[in-house]
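Just so you know, we're using numbering that gives the first Met the number 0 here: the sequence shown kicks off at 0 and counts up by one. What follows is a short report on a single structure.
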Amino acid sequence: MKGLWLVLLFSLFSHASSSIDVFVWTDKQGVLHFSDTPDHPNAQRVNMPNMTPPSPEITHVEGTKDREYLPFAGDNHQKAKPQALSIRITSPAHDSTVRSNPGFIEVTGDISRPLAIDDKLQLLLDGKPYGAPKTNPYWSLKYVDRGTHTLMIQVQKNGKVIASSDTITVHLHRTTVQ
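Okay, here's the thing in structure tokens:
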């Protein structure tokens, strides 16, 4: 137990120099106390080792220049143009048939670059928004009526369309009872 307290003591004062005095004593209940002043008659001074870390040794590596400066954002260099944003529907395929009695269709999109913070994706089912705009290109359409439907994904920035996928056609088949 005393070893644990000493480890705690050294970790608490590891940033201090050796000129700091630390006193330790145990009271009648066996509780170990630490202080920077000798307030108790049984207080004993603890000799703290010099905890100042040594300075790192600087070495020169052959083949490197003494000073190499890289340009920073404030320099007048040509900034790279952001990659154009494009999106496409990867699933289901255009003019494919989906067989689902409950009317479920899984839609997956692929984006050419990560979306900006204020970019959102909106799925259009038959030209009308399906659900709220979101940031991931995965949708689970539920209870879609049987028949032929069109799907398109739009990328919106502050409510304005900045990119859109090609419109695909999908045919949903549901079993009917006769």
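Using N, Cα and C, we set each Cβ at its ideal position, and we do this for glycine too.
Among all the DSSP beta bridges, which residues are the ones paired with residue i?
| i | result |
| --- | --- |
| residue 105 | 139 |
| residue 170 | 96 and 147 |
| residue 25 | 31 |
| residue 87 | 109 |
| residue 45 | 21 |
May I have the straight-line CA-CA distance separating residue i from residue j, to the nearest angstrom?
| i | j | result |
| --- | --- | --- |
| residue 129 | residue 120 | 11 Å |
| residue 161 | residue 146 | 30 Å |
| residue 156 | residue 173 | 37 Å |
| residue 20 | residue 39 | 14 Å |
| residue 136 | residue 108 | 5 Å |
| residue 35 | residue 112 | 59 Å |
| residue 56 | residue 50 | 18 Å |
| residue 16 | residue 58 | Per-residue confidence for residue 16 stands at a pLDDT of 47, beneath the threshold of 50, marking its modelled position as unreliable; the derived number appears in the next sentence. Residue 16 and residue 58: Cα-Cα distance of roughly 28 Å. |
| residue 127 | residue 163 | 14 Å |
| residue 87 | residue 140 | 17 Å |
| residue 46 | residue 52 | 18 Å |
| residue 33 | residue 54 | 30 Å |
| residue 48 | residue 28 | 29 Å |
| residue 159 | residue 124 | 18 Å |
By Cβ distance, which residues of its chain are closer than 7 Å to residue i, with the 5 residues on each side in sequence left out?
| i | result |
| --- | --- |
| residue 171 | 97, 99, 102, 104, 143, 145, 146 and 148 |
| residue 117 | 156 and 157 |
Pick out whichever of the options has its Cα sitting closest to the Cα of residue i.
| i | options | result |
| --- | --- | --- |
| residue 41 | 155, 156, 26 and 35 | 26 |
| residue 166 | 55, 106, 116 and 159 | 106 |
| residue 91 | 131, 138 and 50 | 138 |
| residue 168 | 132, 110 and 89 | 89 |
Check whether the Cβ of residue i lies closer than 9 Å to any Cβ atom in chain C.
| i | result |
| --- | --- |
| residue 39 | This model lacks chain C altogether; it includes just one protein chain. |
Is residue j closer than 9 Å to residue i when the C-beta atoms are compared?
| i | j | result |
| --- | --- | --- |
| residue 176 | residue 84 | no |
| residue 43 | residue 30 | no |
| residue 122 | residue 150 | yes |
Going by beta carbon distance, what residues of the same chain come within less than 8 Å of residue i, once the five residues before and after it are set aside?
| i | result |
| --- | --- |
| residue 134 | 114, 118, 119 and 120 |
| residue 95 | 169 and 170 |
| residue 82 | 111 and 112 |
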